[in-house]
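Protein chains in written order, with the working numbering: chain A, 157 to 271; chain B, 193 to 304.
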Amino acid sequence: DGGITQSPKYLFRKEGQNVTLSCEQNLNHDAMYWYRQDPGQGLRLIYYSQIVNDFQKGDIAEGYSVSREKKESFPLTVTSAQKNPTAFYLCASSAGTGRSQETQYFGPGTRLLVL
Amino acid sequence: GNSVTQMEGPVTLSEEAFLTINCTYTATGYPSLFWYVQYPGEGLQLLLKATKADDKGSNKGFEATYRKETTSFHLEKGSVQVSDSAVYFCALRRSSASKIIFGSGTRLSIRP
Chain A
157 DGGITQSPKY LFRKEGQNVT LSCEQNLNHD AMYWYRQDPG QGLRLIYYSQ
207 IVNDFQKGDI AEGYSVSREK KESFPLTVTS AQKNPTAFYL CASSAGTGRS
257 QETQYFGPGT RLLVL
Chain B
193 GNSVTQMEGP VTLSEEAFLT INCTYTATGY PSLFWYVQYP GEGLQLLLKA
243 TKADDKGSNK GFEATYRKET TSFHLEKGSV QVSDSAVYFC ALRRSSASKI
293 IFGSGTRLSI RP
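Quick look at the structure:
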């Protein structure tokens, strides 16, 4: 089955700690995205990558970092600089960015909680 | 700037009722328009999309028509079921942009 997997489902962070959220896709998609969802709100874009070894900041990149060393993987690190990290994090991918490839497919999400 | 506005929830209906969730957008040019659905504790799933004016997207009994003149993309379903209870997001993407812009979501609850 093709799809996007995110792990872990729940993650706990202690103050001052960096944590990394995993996102893997086997859809052979070029583009990948990270969103943050807060209760009762829409999604906000953190980072996106249109191709391997390249990524761009989204609307709320401060306190986060990413890498894209492999096409199928796009891990997100929540650093200690992110002062309010408690949220639901969603990873997505799309075949490309052209009109016929633009639909984004989402993983099941990781809920990050601060201890 | 580009934005999506959708009706605030929660929306509570009885089973078999008619559903409308309003969505209007602001964007230059001809963006693609989407409806995504999120079931509790899960990620988003694409429900339907439309890419040009007067296009109708449809899936699982849901429909939405791209109305350029009113900049709207309202979601409708003729007879809702309990299993339709979820949060629904309207979204747009400009052809020159990489990102999708989401509305704030509308929570729908269906009573048996």
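Don't be surprised by glycine CBs; every beta carbon is placed ideally from N, CA and C. Note that the structure is a prediction, hence the values are computed from the model and not measured.
DSSP three-state assignment for residue i, whether helix, strand or coil
i	result
Ser221 (chain A)	strand
Val229 (chain B)	strand
Val274 (chain B)	helix
Arg286 (chain B)	coil
Gln260 (chain A)	coil
Alpha-carbon spacing of residue i relative to residue j, whole angstroms
i	j	result
Ser271 (chain B)	Thr204 (chain B)	13 Å
Gln193 (chain A)	Tyr258 (chain B)	26 Å
Gly140 (chain B)	Ala278 (chain B)	As displayed, chain B neither begins before 193 nor continues past 304, which places residue 140 (chain B) out of reach and without an answer.
Thr298 (chain B)	Ile207 (chain A)	33 Å
Tyr203 (chain A)	Ser249 (chain A)	12 Å
Phe230 (chain A)	Gln181 (chain A)	9 Å
Ala242 (chain B)	Gln198 (chain B)	17 Å
Glu234 (chain B)	Tyr222 (chain B)	30 Å
Lys165 (chain A)	Cys179 (chain A)	11 Å
Ile299 (chain A)	Asn240 (chain A)	Nothing about residue 299 (chain A) can be reported from this structure: the residues present for chain A run from 157 to 271 only.
Within 7 Å, strictly: CB atoms of residue i and residue j
i	j	result
Lys291 (chain B)	Leu177 (chain A)	no
Thr233 (chain A)	Asn174 (chain A)	yes
Asn251 (chain B)	Ala219 (chain B)	no
Glu208 (chain B)	Pro304 (chain B)	no
Ile302 (chain B)	Val196 (chain B)	no
Lys170 (chain A)	Leu271 (chain A)	yes
Thr235 (chain A)	Leu167 (chain A)	no
Presumed contact (8 Å Cβ cut-off) between residue i and residue j, rounded CB distance
i	j	result
Gly263 (chain A)	Ile160 (chain A)	4 Å
Thr212 (chain B)	Glu268 (chain B)	5 Å
Ser296 (chain B)	Gly198 (chain A)	4 Å
Trp190 (chain A)	Tyr245 (chain A)	7 Å
Asp276 (chain B)	Leu240 (chain B)	Incorrect: roughly 14 Å between the Cβ atoms, too far for contact.
For this session: Scan the stretch 242-269 of chain B and note each continuous beta strand (DSSP E) run of 3 residues or more that stays entirely inside, going in chain order.
Result: Look at the stretch 242-269 of chain B and you find these whole runs of beta strand (DSSP E), each 3 residues long or longer: 248-251, 254-257 and 267-269.
Exercise. Quick one: complete beta strand (DSSP E) runs, 3+ long, within the stretch 192-248 of chain A?
Worked result: Segments of the beta strand (DSSP E) lying fully in the stretch 192-248 of chain A: 199-207, 210-213, 220-222 and 232-234.
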